[in-house]
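*Asks:* Take this structure first; my questions come after.
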Amino acid sequence: MRVFWMSASLCLLLLFVGCPLVGEQVVCTTTLIGDIVSQIAGDGIEVHVLFSPDADPHAFEPRPQDLVMLHRADRIFINGLDLEAGLADILETFGDIVISLSDDLPNLLAGEAEGANHGHATIDPHVWFDPSLVSLWVDVIAETLSELTPSQAPDIRARATDYQLELSALDEWIIIALDQIPPEQRRLVTDHHVFGYFEARYGLEQVGTVFPGLSTLSEPSARDIASLISTITSLSIPAIFVGTTVNASLAEQIAADTGTRVIRLYTGALSEPNGPADTYLSFMRYTVTALVEGLARTP
Ligand SMILES: [Zn+2]
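Numbering of the sequence shown is given in this note's numbering, commencing with residue 47 and proceeding in unit increments.
Right, dumping it as structure tokens:
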């Protein structure tokens with residue numbers, strides 16, 4: 047029985063690894079990166095995404111099939127800045143084919159010093175909430191893909207430029223949409239500190255989080271929760287925004303205690319294909335529409 051099982055699983059593995067590969071293989075960690083790379087890559091490049099739409103990028107642990115995918119990759123695009131904390135050791139073994147999109151960006155934001163980081167300096171990894179930084183990702187993606195398929199370089203550059211124009215249109219749309227929120231109501235309470243770059247670009251203020259700091263991996267203390275409740279009450283915060291990949295039960299309880307409401311958002315991952323936020327551009331529009339609906343109402 048054991049022999050049969052081993053030979054069956056070996057056959058399966060050979061079938062899986064032995065599939066003919068068409069073109070260059072590019073692996074992206076997050077669904078957001080996967081969409082942006084797909085917009086720019088052309089024929090001859092196969093784009094794979096490691097994280098599923100319901101996976102919390104901070105907490106991802108690779109499965110055996112993910113390792114197979116990584117080993118077949120010609121290039122691996124990652125967010126970087128420690129977002130993919132669960133993959134760090136494995137990614138290190140892939141060397142130069144790993145392209146970190148965010149590590150060299152300008153104007154990176156430092157994390158808040160707090161206990162959960164054990165004194166380590168941290169940089170906020172949630173750069174995708176600023177489309178002008180995503181536009182810099184696009185330059186790196188276009189350069190990397192052109193190197194991989196030189197015959198397609200002009201087309202790749204052209205698609206990158208078109209996409210960058212869509213990013214500036216998105217940026218202008220966001221500025222106009224946020225104008226609907228009165229200045230004194232531009233205060234955010236979220237599950238964790240996910241909107242640092244968004245706040246820096248568009249002038250909102252983070253006043254509290256359910257989980258302290260930049261990751262969902264931290265645990266709030268009773269004192270953290272009490273202080274968040276008092277912030278929500280004293281500032282009449284109308285909504286707590288919670289990502290779809292994050293457990294909302296504590297936020298729901300705080301909302302019930304303070305008479306506010308929980309609004310679910312896509313923050314670290316796109317929606318399922320054909321969902322309301324299945325591309326980076328629709329993800330950002332969905333987010334901003336939800337923020338406006340949650341914050342623009344008169345308390
Ligand atoms: Zn996060």
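For glycine and all other residues, C-beta sits at the position ideal for the given N, C-alpha and C. Bear in mind the structure is a predicted one, so any value in this text is a computation, not a measurement.
Need the endpoints of the beta strand (DSSP E) that Arg310 sits in, please.
*Replies:* Arg307 to Leu311 is the extent of the beta strand (DSSP E) around Arg310.
*Asks:* What is the rounded straight-line gap between the Cα of Cys74 and the Cα of Ser280?
*Replies:* Whole-angstrom Cα-Cα distance: 42 Å.
*Asks:* State buried or exposed for Met330, treating a residue as buried only when at least 16 other CB atoms are found within 10 Å of its CB.
*Replies:* Buried, by the Cβ-count rule.
*Asks:* In the structure shown, what three-state DSSP assignment does Ala87 receive?
*Replies:* Note: Ala87 maps to coil in three-state DSSP.
*Asks:* Could you give the residue range of the beta strand (DSSP E) that holds Arg121?
*Replies:* First-last of the beta strand (DSSP E) with Arg121: Arg121 to Ile124.
*Asks:* Among residues of its own chain, excluding the 5 on either side of Val253, which ones have a beta-carbon nearer than 8 Å to its beta-carbon?
*Replies:* Excluding residues within five positions, the ones whose Cβ falls inside 8 Å are Arg233, Leu234, Val235, Thr277, Leu281 and Ile283.
*Asks:* What is the DSSP secondary structure of Arg331, counted as helix, strand or coil?
*Replies:* Here Arg331 sits in helix by DSSP.
*Asks:* Out of curiosity, what's the CA-to-CA distance linking Gly132 and Glu107?
*Replies:* Those two C-alpha atoms are separated by around 5 Å.
*Asks:* So what does Gln252 bridge to, in DSSP terms?
*Replies:* Partner(s): Leu234.
*Asks:* Around the C-beta of Ile82, are 16 or more other C-beta atoms found within 10 angstroms, so that it is buried, or is it exposed?
*Replies:* So Ile82 ends up on the buried side.
*Asks:* Tell me whether Glu251 is buried or exposed, calling it buried when 16 or more other Cβ atoms sit within 10 Å of its Cβ.
*Replies:* Answer is exposed; the Cβ neighbour count stays below 16.
*Asks:* Consult DSSP for Ile283 and reduce its assignment to one of helix, strand or coil.
*Replies:* Here Ile283 sits in coil by DSSP.
*Asks:* Can you list, in chain order, the residues of its chain with a C-beta nearer than 8 Å to that of Val72? Leave out the 5 residues immediately preceding and following it.
*Replies:* So the list reads Val83, Ala87, Ile91, Glu92, Val93, His94, Ala119, Asp120, Arg121, Ile122, Phe123, Leu191 and Leu194, once near-sequence residues are dropped.
*Asks:* Determine which residues share a DSSP beta bridge with Ile169 and list them.
*Replies:* Partner(s): Ala156.
*Asks:* Can you grab the Cα-Cα spacing for the pair Gly259 / Ile271, in whole Å?
*Replies:* About 13 Å.
*Asks:* State the Cα-Cα distance for the pair Ser341 and Ile227, rounded to the nearest angstrom.
*Replies:* For the record, residue 341 in the displayed sequence is Leu; it is not Ser. Rounded to whole angstroms, Leu341 to Ile227 spans 6 Å at the Cα level.
*Asks:* Indicate the three-state DSSP secondary structure (helix, strand or coil) for Ile145 in the structure shown.
*Replies:* Strand.
*Asks:* Between the region 95–104 and the region 137–152, do at least 3 Cβ pairs fall closer than 8 Å?
*Replies:* Because the criterion of three Cβ pairs below 8 Å is not met, the region 95–104 and the region 137–152 do not touch.
*Asks:* Answer with yes or no whether the minimum CB distance from Gln231 to chain B is below 8 Å.
*Replies:* The structure shown contains no chain B, having only a single protein chain.
*Asks:* Please state the DSSP three-state secondary structure of His355.
*Replies:* A question about residue 355 goes unanswered here, because the residues of the chain that appear run from 47 up to 345.
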